[in-house]
Amino acid sequence: MIAPGTLHRTTVVQSWAWMRLDILIRLIPLTLAPLVFSWFTGTPLASFGLSLAHPLRDVLISVPLGMAGFAIAAAFANYLARRSGRWFVPTMPDLIVQSVYYLALNAPIEEWFFRGFLQGTLSRWWHAPAIAVIMATAIFGAYHFLDRWGWRPIVGATAAGLGLGLVYLWQPSPPSLLAPILVHAAITCGFLSLGPYVLYRWRRRENLG
Numbered sequence: 007m008i009a010p011g012t013l014h015r016t017t018v019v020q021s022w023a024w025m026r027l028d029i030l031i032r033l034i035p036l037t038l039a040p041l042v043f044s045w046f047t048g049t050p051l052a053s054f055g056l057s058l059a060h061p062l063r064d065v066l067i068s069v070p071l072g073m074a075g076f077a078i079a080a081a082f083a084n085y086l087a088r089r090s091g092r093w094f095v096p097t098m099p100d101l102i103v104q105s106v107y108y109l110a111l112n113a114p115i116e117e118w119f120f121r122g123f124l125q126g127t128l129s130r131w132w133h134a135p136a137i138a139v140i141m142a143t144a145i146f147g148a149y150h151f152l153d154r155w156g157w158r159p160i161v162g163a164t165a166a167g168l169g170l171g172l173v174y175l176w177q178p179s180p181p182s183l184l185a186p187i188l189v190h191a192a193i194t195c196g197f198l199s200l201g202p203y204v205l206y207r208w209r210r211r212e213n214l215g
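Here it is, written out as structure tokens:
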């Protein structure tokens with residue numbers, strides 16, 4: 007057992023049940039909003055970070071930042087689980103499904119909306135990139151109230167949003183979403199899928215040893 011409390015091993019069926027709703031209610035609107043804005047205003051989609059102008063630089067930046075974000079997120083998830091006494095650990099098939107979901111859908115779409123569209127648009131309107139980062143970060147944190155998270159996870163999500171906003175801000179022109187997407191995926195996997203799974207396996211091996 008991981009620690010005193012209740013262990014929940016999540017399955018693909020359970021994850022697919024919430025993913026279907028998540029795609030319809032959250033991800034599709036977040037995807038469409040920038041497209042509609044672009045159509046009405048004539049703003050090029052490249053202005054929202056749809057660019058691979060400096061992929062090598064982005065990947066090299068993403069590796070250390072992603073590893074650090076993963077470790078911090080996993081430690082934070084462990085802290086929250088200890089406080090609540092509830093441990094949510096995916097089974098191996100569910101681990102794969104969740105991780106692919108976070109990497110292929112959740113991280114790209116959230117970065118597309120919050121960093122590429124929202125932060126980028128506010129920065130161009132106000133000519134104040136730092137204020138745009140702060141505003142986009144605040145909205146990103148508040149948006150997690152929709153998931154009915156407690157204040158501690160929301161503080162963590164807001165801190166992650168600030169880091170991702172800075173990653174998007176401090177890069178050569180034209181801006182690219184590649185680095186924020188990769189770091190975002192690493193953080194989310196550390197918090198919700200691979201992080202809890204690795205800690206569970208490690209503690210289980212310790213107990214068996």
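According to the working numbering, the stretch in the sequence shown is residues 7 to 215, in order. Idealized CB from N, CA, C, for every residue including glycine.
(request) Under 7 Å Cβ to Cβ from leucine 58, same chain only, skipping five residues before and after it: list those, please. (result) Residue numbering aside, residue 58 sits at position 52 when the sequence shown is read from its first letter. Taken in chain order, the residues that qualify are Ser182, Leu184.
(message) Just to confirm my understanding: we take arginine 32, look at its own chain, exclude 5 residues before and 5 after, and list those with CB closer than 8 Å. What are they?
(response) Residue 32 sits at position 26 when you count from the first residue of the sequence shown. Same-chain partners within the cutoff: Leu152.
(request) Determine the closest residue to methionine 98 out of Arg88, Ser199, Leu124, with distance taken between C-alpha atoms. (result) Against the sequence shown, residue 98 aligns to sequence position 92. Of the candidates Arg88, Ser199, Leu124, the one whose C-alpha sits nearest the C-alpha of methionine 98 is Ser199.
(message) glycine 171 and alanine 142 - do their beta-carbons sit closer together than 8 Å?
(response) Within the sequence shown, numbered from 1, the residue matching residue 142 stands at position 136. Within the sequence shown, numbered from 1, the residue matching residue 171 stands at position 165. It is a contact, given that the beta carbons lie within the stated cut-off.
(message) Nearer than 7 Å: is that true of the beta carbon of valine 65 relative to any heavy atom of the ligand ADP?
(response) Of ligands this structure carries none, so the ligand ADP is not represented either.
(request) Note the first and the last residue of the continuous alpha helix (DSSP H) segment covering leucine 33. (result) In the sequence shown, counting from the first residue as 1, residue 33 sits at position 27. First-last for leucine 33: undefined, no H or E at that position.
(request) Note the first and the last residue of the continuous beta strand (DSSP E) segment covering phenylalanine 76. (result) Within the sequence shown, numbered from 1, the residue matching residue 76 stands at position 70. No beta strand (DSSP E) contains phenylalanine 76, which is instead part of the alpha helix (DSSP H) from 61-90.
(request) Taking 8 Å as the cut-off, decide whether the C-beta atoms of glycine 72 and alanine 148 are in contact. (result) Numbered from its first residue, the sequence shown carries residue 72 at position 66. Numbered from its first residue, the sequence shown carries residue 148 at position 142. No; because the gap between Cβ atoms is not below 8 Å, this pair is not in contact.
(request) Provide the residue span of the beta strand (DSSP E) that contains arginine 15, from first to last. (result) Here residue 15 refers to the residue found at position 9 when the sequence shown is read from its first residue. Arginine 15 -> beta strand (DSSP E) spans 12-16.
(message) If you reduce the DSSP assignment to three classes, tell me which class proline 178 lands in.
(response) As a working mapping, residue 178 is identified with position 172 in the sequence shown. Proline 178 falls in the coil class under three-state DSSP.
(message) Can you list, in chain order, the residues of its chain with a C-beta nearer than 6 Å to that of methionine 7? Leave out the 5 residues immediately preceding and following it.
(response) The residue given as residue 7 occupies position 1 in the sequence shown. With a pLDDT of 44 at methionine 7, under the threshold of 50, the predicted position of this residue should be treated as unreliable, though the coordinate-derived value follows. There are no such residues.
(message) Could you compute how far the alpha carbon of proline 186 sits from the alpha carbon of tryptophan 93?
(response) Translated into the one-based positions of the sequence shown, residue 186 becomes position 180. Translated into the one-based positions of the sequence shown, residue 93 becomes position 87. Roughly 28 Å separates the two Cα atoms.
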